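Peer 1: Residues in the sequence shown are numbered consecutively from 4, following this note's numbering. Sharing a structure, written as structure tokens. Questions coming.
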Amino acid sequence: TRCRIYAPVGAHRDLLAYLVRRLLENGANSSFVNQIVDEDVTPEEIAVDPFIAAEDAVSWVAPAADLFAPERPNSTGFDLSYEPHLEQIYAARAPFAAHQWSATSRLAREATSGPEMLIHNPAKPDDLVGTAQLASPEQISAALEAAAPWAASAEERARVLNATADLFEAHFGEIFALLAREAGKTLNDCVGELREAVDFLRYYASRANDEVPIGTFSCISPWNFPLAIFTGQISAALAAGNAVLAKPSEQTPLIAALATRLMHEAGVPRSALQLVLGAGDVGAALTSDARIGGVAFTGSTETAQIIRASMAKHLAPDAPLLAETGGLNAMIVDSTALPEQAVTAIIESAFQSAGQRCSALRCLYVQEDVADSLQTMLIGAMRELTVANPWDLSCDIGPLIDAKAQAQISDYVSVAQQQGRVLFQLDTPEQGYFMAPTLIALNSIAELEREVFGPILHIVRFKAQEFDQIIDDINATGYGLTFGLQTRIDDRVQHVSERIQAGNLYVNRNQIGAIVGSQPFGGAGLSGTGPKAGGPLYLSRFRKIEARAATGTFENEMLIADLKHAIKTTAHAPQRASEVLPGPTGELNQLSQHARAPFLCMGPGKEAAEGQAKSVRALGGRAVVATGTIDAAQLSTLKGISGVLYWGAPTEARAIATALSARDGAILPLITGMPNAGYVLEEKHLCVDTTAAGGNAALLAQSAPAPK
4 TRCRIYAPVG
14 AHRDLLAYLV
24 RRLLENGANS
34 SFVNQIVDED
44 VTPEEIAVDP
54 FIAAEDAVSW
64 VAPAADLFAP
74 ERPNSTGFDL
84 SYEPHLEQIY
94 AARAPFAAHQ
104 WSATSRLARE
114 ATSGPEMLIH
124 NPAKPDDLVG
134 TAQLASPEQI
144 SAALEAAAPW
154 AASAEERARV
164 LNATADLFEA
174 HFGEIFALLA
184 REAGKTLNDC
194 VGELREAVDF
204 LRYYASRAND
214 EVPIGTFSCI
224 SPWNFPLAIF
234 TGQISAALAA
244 GNAVLAKPSE
254 QTPLIAALAT
264 RLMHEAGVPR
274 SALQLVLGAG
284 DVGAALTSDA
294 RIGGVAFTGS
304 TETAQIIRAS
314 MAKHLAPDAP
324 LLAETGGLNA
334 MIVDSTALPE
344 QAVTAIIESA
354 FQSAGQRCSA
364 LRCLYVQEDV
374 ADSLQTMLIG
384 AMRELTVANP
394 WDLSCDIGPL
404 IDAKAQAQIS
414 DYVSVAQQQG
424 RVLFQLDTPE
434 QGYFMAPTLI
444 ALNSIAELER
454 EVFGPILHIV
464 RFKAQEFDQI
474 IDDINATGYG
484 LTFGLQTRID
494 DRVQHVSERI
504 QAGNLYVNRN
514 QIGAIVGSQP
524 FGGAGLSGTG
534 PKAGGPLYLS
544 RFRKIEARAA
554 TGTFENEMLI
564 ADLKHAIKTT
574 AHAPQRASEV
584 LPGPTGELNQ
594 LSQHARAPFL
604 CMGPGKEAAE
614 GQAKSVRALG
624 GRAVVATGTI
634 DAAQLSTLKG
644 ISGVLYWGAP
654 TEARAIATAL
664 SARDGAILPL
674 ITGMPNAGYV
684 LEEKHLCVDT
694 TAAGGNAALL
704 AQSAPAPK
């Protein structure tokens with residue numbers, strides 16, 4: 004931080020003068036540190052109250068509330084080590100310690116509801132949190148019929164979304180209680196989740212404009228972030244002016260109902276936002292009706308692929324799917340890493356939220372030179388974790404979401420125990436759906452056949468010369484969500500960030516807890532479609548693209564060998580300029596945009612195909628131009644493309660969309676109009692703890708004038 008140095012007397016003054024000279028030699032700004040050796044500084048200046056001087060000196064440092072000013076206010080935080088904040092939380096939460104909520108679908112048109120479902124506390128299954136009325140087929144039909152895009156001006160939509168954010172913060176006590184009792188959230192996680200939801204509302208509100216919305220969006224959200232992701236999907240769709248049919252997870256309907264009630268109270272029309280409660284059958288209904296214009300989904304890769312196939316069959320061929328899915332997230336710790344710092348990051352990344360984050364660390368690579376000592380330290384840190392009721396402040400690890408999740412992960416650990424690969428496991432409480440943090444040995448991330456969604460950490464030892472092979476192995480999984488690196492070698496950070504195929508790369512810190520507008524979040528490949536949530540391109544997918552139509556034809560059929568060769572030899576586009584995003588002092592947050600794999604431009608006809616390629620390249624993307632007709636069925640197995648542009652007849656477009664939906668691997672879009680940057684560019688975020696390698700010298704070199 005910026006500081007003034009006040010001179011002591013005697014020998015200490017000489018020592019301090021020496022240290023100041025060293026600071027100057029290493030690039031510190033002299034206006035901040037030279038007063039001790041400046042004879043022109045008067046005694047009165049030296050004697051000024053340092054707190055008053057500090058206020059004048061650090062005017063360039065934004066207070067927490069103004070971190071994102073003037074765009075929006077930052078969300079309110081709570082310091083859980085500060086007793087007045089804890090007392091405030093306890094008082095606001097207390098009335099809901101035994102409260103029972105009742106939720107039902109909130110529709111714009113009345114219809115008879117379906118069966119009732121009981122919601123129990125996963126940490127205390129005998130604690131009835133509330134009841135939820137599941138949506139009936141009549142209610143689903145009524146919701147589809149009544150949905151209407153939000154016709155208000157961009158200014159009015161922004162005002163209402165900001166008012167919703169204020170209501171969320173005002174109801175923090177009830178929200179914290181519900182998150183703990185319904186979703187098993189620790190108090191620390193409750194604070195983070197509320198802040199993320201508020202940030203989403205304000206971030207997307209600041210980007211609302213009067214471009215044409217797509218129409219009606221189905222927003223399908225998970226139980227692991229039942230407020231934040233639920234709110235993020237909805238607020239983006241609403242900011243763009245769409246109507247929303249929101250289906251939360253069947254495990255967490257109560258917090259969704261509360262959030263929806265507050266949105267309606269703030270002024271979101273019922274026709275623009277309807278809550279439809281239910282299980283997978285409701286989600287299927289909301290992704291297979293032609294009245295749906297697009298889908299936002301967060302969940303498993305397998306479910307996302309099922310949704311994509313249903314959309315290709317029933318929705319418009321170019322209906323967008325924004326999917327954020329899971330990951331086999333890895334972290335590498337090399338021999339230069341600070342062990343204490345690395346272990347802290349590992350514990351947080353692997354075990355916070357009971358490992359039930361899509362961004363959580365699943366596979367830890369440790370250089371063999373330091374593996375023994377780091378593993379000993381890691382197990383020691385694991386012993387200090389408290390697995391308990393998340394209502395209590397002392398809880399570090401809460402429960403899994405339900406009995407099914409507990410049984411699946413317990414079976415997985417049992418197999419590892421039989422194989423002698425369990426290195427350490429804490430004790431598990433007898434009551435509740437708990438799974439204690441567990442450390443399991445692996446030889447390679449390639450041995451992980453699926454994402455284990457719980458507090459299970461796999462550890463692999465590696466030799467220094469195997470570094471690049473490890474990156475290849477991680478990339479070969481096909482997932483690309485988060486990645487962590489612990490090192491004090493700057494060149495290694497550069498090398499890894501260029502090679503690793505992950506949407507979010509974290510250096511010398513944990514790899515969870517992305518901040519809206521500071522660390523836009525989302526992966527690639529099997530980990531999602533992009534654009535990044537909480538990033539500058541996200542809203543573009545909720546708005547209509549400029550329509551195009553072409554009636555040309557090709558004179559010949561393009562041979563598959565020629566097509567594959569064209570894809571393989573497409574020139575790489577240069578990286579677009581990266582952007583440093585706002586964030587806390589001592590942390591670098593850098594968002595860069597890269598060209599995706601080539602878009603296949605299928606015309607129809609040479610003129611249309613070349614026009615499509617020109618539009619893609621103008622945005623910084625890559626394109627392959629079809630030189631003949633291409634059988635749609637070939638697209639189901641064609642490698643090396645990131646999507647298709649086609650401006651022809653709807654029947655052919657439907658065939659292309661169906662073929663793309665049948666592919667294994669990443670979900671690819673069909674674009675029947677003009678593309679935008681959200682389609683052709685892939686975002687990558689790098690977050691670096693700049694203080695971790697021994698200090699942040701850049702903070703000493705700020706060029707603001709010294710206080711007078």
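Glycine is no exception: its CB is placed at the ideal position from the N, C-alpha and C atoms. Please read these numbers as outputs of a predicted model, since none were measured by experiment.
(1) Figure out for me which residue from A374, V279, G606, F179 has the closest Cα to the Cα of C222.
(2) Going by the DSSP bridge assignment, what does P216 pair with across the sheet?
(3) At which residues does the alpha helix (DSSP H) containing N478 begin and terminate?
(4) What is the DSSP secondary structure of S33, reduced to helix, strand or coil?
(5) For T107, which residues in the same chain have their Cβ closer than 8 Å to its Cβ, ignoring the five residues on either side in sequence?
(6) Please state whether DSSP places R620 in a helix, a strand or coil.
(7) Can you tell me the Cα-Cα spacing of N392 and E433, whole angstroms?
(8) Comparing the CB of R160 with every heavy atom of the ligand HEM, is any distance shorter than 7 Å?
(9) Ignoring anything shorter than 4 residues or poking outside the segment 190-272, list the alpha helix (DSSP H) runs there in chain order.
(10) Please confirm whether G330 and T485 have their CB atoms less than 8 Å apart.
(11) Whose C-beta lies closer than 6 Å to the C-beta of P402 among residues of the same chain, with five residues either side of it excluded?
(12) Taking contact to mean 3 or more Cβ pairs, one atom from each stretch, closer than 8 Å, check whether the segment 655-672 and the segment 613-624 are in contact.
(13) What does DSSP give as the partner residue(s) for Y649 in the beta ladder?
(14) So, with DSSP's three-state summary, where would you put M438?
(15) Kindly list the residues whose CB is nearer than 6 Å to the CB of P587, restricted to its own chain and excluding five residues on each side of it in sequence; keep chain order.
(16) Go to N507, then tell me how far its beta strand (DSSP E) extends in each direction, as first and last residue.
(17) At 3 residues or longer, and completely inside the segment 561-602: list those beta strand (DSSP E) runs for me, N to C.
(18) Helix, strand or coil for Y85 per DSSP?
(19) Check K407 in the structure and name its three-state DSSP category.
(20) R112 to K642, Cα distance in whole Å?
(21) Quick one: measure Cβ to Cβ for V683 and F557, integer angstroms, because I've assumed they're closer than 8 Å.
(22) By alpha-carbon positions, which one of F470, V510, S139 ends up nearest to Q489?
(23) Run through the DSSP bridge pairs and tell me what W104 is partnered with.
(24) Looking at the structure shown, is Q91 part of a helix, part of a strand, or coil, going by DSSP?
(25) Suppose the cutoff is 6 Å on Cβ atoms and the five residues either side in sequence are ignored; what does the same chain contact list for S530 look like?
(26) Taking the alpha-carbon positions, what's the A282 to E253 distance?
(27) Just how far apart, CA to CA, sit Q472 and D129?
(28) Could you tell me the distance, in whole angstroms, from the CA atom of E305 to the CA atom of K407?
(29) Can you tell me whether H688 is buried or exposed, with buried defined as 16 or more other CB within 10 angstroms of its CB?
(30) In chain order, what residues of the same chain lie with their CB nearer than 8 Å to the CB of Q142, ignoring the 5 residues before and after it?
(31) Considering only their Cβ atoms, is the gap separating F71 from P653 smaller than 8 Å?
(32) Mind checking which residues open and close the alpha helix (DSSP H) that includes K316?
(33) Determine the extent of the alpha helix (DSSP H) in which Y682 is found, giving its start and end residues.
(34) Give the DSSP-derived three-state secondary structure of K767 in the structure shown.
(35) Apart from the five residues just before and just after R716, which ones in its own chain have a Cβ nearer than 7 Å to its Cβ?
Peer 2: Looking at the atomic coordinates:
(1) V279
(2) R546
(3) 470-479
(4) Only weak support is given to the placement of S33: the predicted model assigns it a pLDDT of 47, under 50, and the value that follows is read from those uncertain coordinates. S33: helix per DSSP, three-state reduction.
(5) S116, A135, Q136, A260, L280
(6) helix
(7) 12 Å
(8) You won't find the ligand HEM in this model; it holds no ligand whatsoever.
(9) 190-208, 231-242, 256-269
(10) yes
(11) P125, A126, G187, G435, Y436, F437
(12) no
(13) Paired residues: none, contrary to the question.
(14) coil
(15) none
(16) 507-510
(17) 590-598
(18) coil
(19) helix
(20) 46 Å
(21) Their Cβ separation, rounded to whole angstroms, is 23 Å, which puts V683 and F557 out of contact at 8 Å.
(22) V510
(23) G133
(24) helix
(25) T328, G330, Y482, G483, L484
(26) 5 Å
(27) 49 Å
(28) 18 Å
(29) buried
(30) S108, L110, A114, T115, S116, G117, V279
(31) no
(32) 304-317
(33) 680-683
(34) As displayed, the chain neither begins before 4 nor continues past 711, which places residue 767 out of reach and without an answer.
(35) In the structure as shown, the chain begins at 4 and stops at 711. Residue 716 is therefore absent and cannot be evaluated.
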